[in-house]
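*Asks:* Reading the sequence shown from the start, the letters are residues -25 to -1, 1 to 74 in mature numbering (1 follows the signal peptide of the UniProt record, and there is no 0). Provided herewith is a single structure, encoded as structure tokens, for subsequent inquiry.
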Amino acid sequence: MSTTLKTAAIVGAIAASLAATGVAAQEQEKCYGVSLAGENDCAAGPGTTCAGTSKVDYQGNAWTLVEAGTCMDIDLPAGMDGMARMGSLEPLERDLPEA
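Structure representation (structure tokens):
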């Protein structure tokens, strides 16, 4: 195989890899209220910086990336009040740390 063909094959493989990565990122969405304390991907409300900063399990204003279309179907335990918990595509006003 000539050097030109090898280079073209390598460039093609890299381009395909980058394209696949972009598709994978597009197939995820932010899901609020589903992560355990300290395991969120980002956004955990005022006074926090980013990933791993949630203080409470299932904190409503902390999100985790999940497969697109699955957020509302994640099986979560009931809240302290016995009400069912669900993930949300928007921040929630539940399970927030005490100020």
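Beta carbons: idealized from backbone N, C-alpha and C, even for Gly. These numbers were taken from a predicted model, which means no experiment stands behind them.
1) Please state whether DSSP places C25 in a helix, a strand or coil.
2) Is the distance from the Cβ of T39 to the Cβ of D16 below 8 Å?
3) Does the separation of the CB atoms of Y7 and L51 fall below 8 Å?
4) Comparing alpha-carbon positions, which option in G62, A12, D70 lies nearest D56?
5) Give me the Cα-Cα distance between C25 and D32, rounded to the nearest whole angstrom.
*Replies:* Reading from the atomic positions:
1) Correct three-state label for C25: coil.
2) In terms of Cβ geometry, T39 and D16 form a close pair [threshold 8 Å].
3) No. Outside cutoff.
4) The residue with the shortest Cα to Cα distance from D56 is D70.
5) Rounded to whole angstroms, C25 to D32 spans 16 Å at the Cα level.
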